[in-house]
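What follows is one structure encoded as structure tokens, with my remarks underneath.
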Amino acid sequence: MRLLAAITLYVGLSAQAIAGMPGTETEEKARFLDDLLGQMTLAEKIGQLRLNCIGPGLTREQMLEEVAASALGGVFYVAGRSEARAFQDAAMRSRLKIPVFFAYDVIHGHRTAFPIGLGLASSWDVPSVSMSARIAALEASADGLDMVFSPMVDIARDPRWGRASEGWGEDAYLASRFTEAVVRSLQGPRLSEASSVMASSKHFALYGAAEGGRDFNSVDMSLSKMYQDYLPPYQAAVNAGVGAMMLSYVTINGVPATSNRWLIRDVLRSQWQFKGLTLSDFNAVADLVSHGVARTRREAAMRAIKAGVNMSMSDTAYRDELPALVKSGAVTEEEIDEAVRAVLGAKYDLGLFKDPYLRIGDASGDPAQIDDERRLHRSEARDVARKSLVLLKNQNAALPLKKTASVAVVGPLAKSRVDILGTWSSIASPAQAVSVYDGISHAIGDPKRVLYARGADISDDPAVLDYLNAPGANPPDVEVDPRTPENMLKEAVEVASQADVVVAVVGEARGMSHEGASRSSLTLPGRQSLLIQALKATGKPLVLVLMNGRPLSIGQEHDIADAVLETWYSGTEGGNAIADVLFGDYNPSGKLPITFPRSVGQIPTYYSHLNTSRPFKVSTPLAASSRYFDEDYGPLYPFGFGLSYTQFDVSELTLSSTILKPGERLRASVVVKNSGKRAGETVVQLYIRGLSASVSRPVKELKGFEKIMLQPGEERVVSFQLSEEDLKYYNAQLERVAEPGPFSVMVGLDSRDVKEQRFELLDPASDHYVFDNNPGASRMMK
Ligand code: BGC
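Note that the sequence shown covers residues 458 to 1239 in my numbering.
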């Protein structure tokens, strides 16, 4: 609890308090950097621009030699104090003894895996997500790391994209709140503290908008949509003082992010005043040749450095090409200095010049065992994981289960301690993870009443299995049962028939929601749907525990199951957290941060769409309206949706006024009552819509939310303040404006079922409008 309180403080840090954090060059720092730059040779400078890992083209020994020869500025994928020490020792043997920094993909925890990004976002609980980031920083820095390649803040509206799993979902407002909190929690009160790590937010920009959800694909998007719906989380990272920004792999309106001067120099540096370090993504500088914007790697290096890419990840292009580019005058030494200054500045902010071993310490402090249990934060991980679970269906109060029941735990993911960690689970150990089977067994406490059958493999398709199991991986990520599918199914039905209730743990192998893992279908892979049908046929109550990294189209499974619990990949303590919800030790409170489409053909499906000329109306359906005639209208589960074991009632919405004057505030209030029998939390969500703007505005846009806990019978007034600022958006001229006129304000416990009122933003220059406050009416009276 004390940790949580400390973290809440970071969330509330003001912009002024961030001064002194990365990005603000104090005079002392500027003098230090000038002095150091003045002593460096061109080769040493170019070395600083390289961020490399051990890999096929670079052995550990070669890397150590490069560090000692001042030819490398940063090292990634090295985690562990003793190994980091070996590299820092090499840096201390270099001519100028410039320290290297150590970076790693710490996306949702480090040694302790927290839920994946979509899971964290499902909590709608900023302090809890902050806590997970603070713990990640503590564990990462204790492993000698200085920088983490997170938070991943790409808005994703296409669930075919496997990397949707890593981010905060589809909404810019929600994503921005998590982003700023996580950046502050990772970086701590001061970056130069041993327990702080530099956040490198990614992937700037628009990676999540890759066409068709196909990873690395192109992005073509209007500037106003970009500014409105996709760029805010990156800007939120900058405003929170993020130290570094990683560029995306994609082209943005034709120009790759890695060579995009407009993106880096105009938007990031000039408009947003970012003062930190820019990193390319893995090999992305050389990839400019594949993009067809450079004939050679030399041209690629030139374009990247000129566009403002300070550091080249997994680099050979900067190393091989920059010397000749400077010699020929194609790249100036000033351009090199600009980039080097950013790298050295990051090291300065991280406190590495004062103490290169700040996060490494000396050998006497090294843990005897790197994955010592005592290095984990299990109770915090369980707490956050419980909050990340989303109850999508609960027919006839099928859940919670009784601990006296016998439970058949079935499904290819039920015993998996690998999948539950999710991808990018850093160095969290599967051996330390709690599977769903483990969690249910702990809760029931009597092995005889926990039955198990695998039921099906995650996939029977050899090509899919080959894809998931990297050659040589030992053990393979995905295991295949040697029995026939028919035998597995038969066993599952027999096991289910012996139990009081069936819990089917189904979904995707974690590798299906990863980099490069785009899907063309969103159904349950393999024979899992058949398994669910067979389990249903036993007549036993059927609970689906979904484990997946993207919205799935599971309408059929939804219809036949009694209860559905979305668990994403919930991390080290996932199994215990899931059992807490299944048996009612925790009342679920998660809400979806991303829309579930009914079918892949409905993509894109997101809540903040435009109304169109012919919106489909459920009450008066027209043949010619904006929908698919061969699919039910609307999503399977809307954004913001999630059930509880108790019942919350929301009153009509009241406004403090039907007029909002610029400079003033308007209060929108509802009374929320827990009319059920259990204490529980829910998330009250506020949406707005501009009804008469100069461009068509989304039918709903999230502008506020509050997570509240209510005891049975308790009611609470929840109020949101709206000001002109909340009504601003980017118009066709890219001006951020609030346009006078009528607005709708909506409050609900999800984005579909809302209470609505209207008000008018007054134009100070014109007459007073009196608005007829009836959502059904469009009449305005002057
Ligand atoms: C990914 C990044 C990641 C980097 C280093 C890239 O392929 O796109 O998100 O940080 O690898 O692991």
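Every residue gets a Cβ at the ideal spot worked out from N, C-alpha and C, and that includes glycine.
So what's residue 660 in DSSP terms, helix, strand or just coil? Three-state DSSP puts residue 660 in a strand.
For residue 480 and residue 651, I'd like the C-alpha separation in whole angstroms. Because residue 480 sits at a pLDDT of 49, beneath the cut-off of 50, its placement in the model cannot be relied upon, and the following sentence gives the value as read from the coordinates. Distance between residue 480 and residue 651, taken at the CA atoms: about 18 Å.
Would you report the Cα separation of residue 478 and residue 806, rounded to the nearest angstrom? Only weak support exists for where residue 478 lies, its pLDDT of 48 falling under 50; the value from the coordinates is given anyway. C-alpha separation (whole angstroms): 7 Å.
Figure out for me which residue from 1146, 1174, 1139 has the closest Cα to the Cα of residue 1206. When each option's Cα is compared against that of residue 1206, the closest is 1139.
Any idea what DSSP makes of residue 520, helix, strand or coil? DSSP places residue 520 in helix when its eight states are reduced to three.
Reference residue 1043; option with closest CA among 637, 1135, 719, 657: Ranking 637, 1135, 719, 657 by CA distance to the CA of residue 1043 puts 1135 first.
Cβ atoms of residue 1208 and residue 1104: under 8 Å apart, would you say? It is not a contact, given that the beta carbons lie outside the stated cut-off.
Determine the closest residue to residue 735 out of 728, 721, 748, with distance taken between C-alpha atoms. Ranking 728, 721, 748 by Cα distance to residue 735 puts 721 first.
Bridge partners of residue 1020, per DSSP? Paired residue(s): 851, 1000.
Using beta-carbon positions only, say whether residue 574 and residue 624 come within less than 8 Å of one another. Taking 8 Å as the Cβ cut-off, residue 574 and residue 624 qualify as a contacting pair.
Please report the distance separating the alpha-carbon of residue 954 from that of residue 991. Those two C-alpha atoms are separated by around 11 Å.
Candidates 1093, 832, 1071, of which the one nearest residue 599 by Cα: Comparing alpha carbon positions, the residue from 1093, 832, 1071 closest to residue 599 is 832.
For residue 1079, count neighbouring C-beta atoms within 10 Å of its own C-beta (all shown protein chains included) and say buried if the count is 16 or more, exposed if not. By the C-beta density criterion, residue 1079 is exposed, having fewer than 16 other C-beta atoms within 10 angstroms.
Give the secondary structure of residue 478 by DSSP, where H, G and I count as helix, E and B as strand, and everything else as coil. Only weak support is given to the placement of residue 478: the predicted model assigns it a pLDDT of 48, under 50, and the question is left unresolved by the model.
Considering only C-alpha positions, which residue in the set 1124, 1120, 879, 1107 is nearest to residue 1114? That would be 1124, whose Cα lies nearest to the Cα of residue 1114.
Straight-line CA distance for residue 1112 to residue 1180? Whole-angstrom Cα-Cα distance: 13 Å.
State yes or no: is the C-beta of residue 813 within less than 8 Å of the C-beta of residue 545? Yes. Within cutoff.
Inter-stretch contact (C-beta, 8 Å, three-pair minimum) for the segment 993-1000 and the segment 1025-1038: By the C-beta criterion, the segment 993-1000 is judged not to be in contact with the segment 1025-1038, since fewer than 3 inter-stretch pairs fall below 8 Å.
Per DSSP, what are the beta-bridge partners of residue 1130 in this structure? Answer is 1106, 1172.
Could you check whether the segment 836-846 touches the segment 1015-1028, counting it as contact only if at least three pairs of C-beta atoms, one from each stretch, sit closer than 8 Å? Under the 8 Å Cβ criterion, the segment 836-846 counts as touching the segment 1015-1028, having at least three qualifying pairs.
Nearest-angstrom Cα separation, counted from residue 590 out to residue 1052: Rounded to the nearest angstrom, the two C-alpha atoms are 25 Å apart.
Is the beta carbon of residue 744 within less than 7 Å of some heavy atom of ligand 1? Remark: the shortest separation between the CB of residue 744 and any heavy atom of ligand 1 does not fall under 7 Å.
Would you tell me roughly how many angstroms separate the C-alpha atoms of residue 1062 and residue 1009, rounded to the nearest one? Taking the straight line from one Cα to the other gives about 12 Å.
Quick check on the DSSP output: the beta strand (DSSP E) that includes residue 1161 runs from which residue to which? Here the beta strand (DSSP E) through residue 1161 covers 1158-1167.
What number of angstroms, rounded off, separates the C-alpha of residue 580 from the C-alpha of residue 631? Rounded to whole angstroms, residue 580 and residue 631 show a C-alpha spacing of 11 Å.
Comparing the CB of residue 418 with every heavy atom of ligand 1, is any distance shorter than 7 Å? Nothing can be reported for residue 418: it is not among the residues displayed for the chain, which extend from 458 to 1239.
Nonlocal neighbours in the same chain, by C-beta distance under 7 Å from residue 541, ignoring five residues either side: Only residues of its own chain outside the window of five on either side were considered, and among them 535, 559, 601, 817 have a CB closer than 7 Å to the CB of residue 541, listed in chain order.
When the Cα atoms are used, what is the spatial distance from residue 703 to residue 852? Cα-Cα distance, rounded: 45 Å.
Kindly provide the chain-ordered list of residues whose Cβ lies closer than 5 Å to any non-hydrogen atom of ligand 1. Qualifying residues, in the order they occur: 562, 606, 738, 739.
Can you have a look at residue 1221 and say buried or exposed, based on whether 16 or more other CB atoms are within 10 angstroms of its CB? So residue 1221 counts as exposed.
For residue 1198 and residue 1117, I'd like the C-alpha separation in whole angstroms. So the two alpha carbons sit approximately 10 Å from each other.
Compute the Euclidean distance between the alpha carbons of residue 673 and residue 563, then round it to the nearest angstrom. Those two C-alpha atoms are separated by around 21 Å.
Compare the beta carbon distance of residue 745 and residue 708 with 8 Å and say whether it is the shorter of the two. No, Cβ-Cβ distance for residue 745 and residue 708 is not below 8 Å.
Alpha helix (DSSP H) runs wholly inside the segment 808-840, at least 4 long, in chain order: With a minimum length of 4 residues, no continuous alpha helix (DSSP H) run stays inside the segment 808-840.
C-beta contact flag for residue 1100 and residue 1131 at 8 Å: For the 8 Å CB-CB criterion, residue 1100 and residue 1131 do not form a contact.
Residue nearest to residue 759 in terms of C-alpha spacing, selected from 783, 586, 1189: Measuring C-alpha to C-alpha distances from residue 759 to each of 783, 586, 1189 identifies 783 as the nearest.
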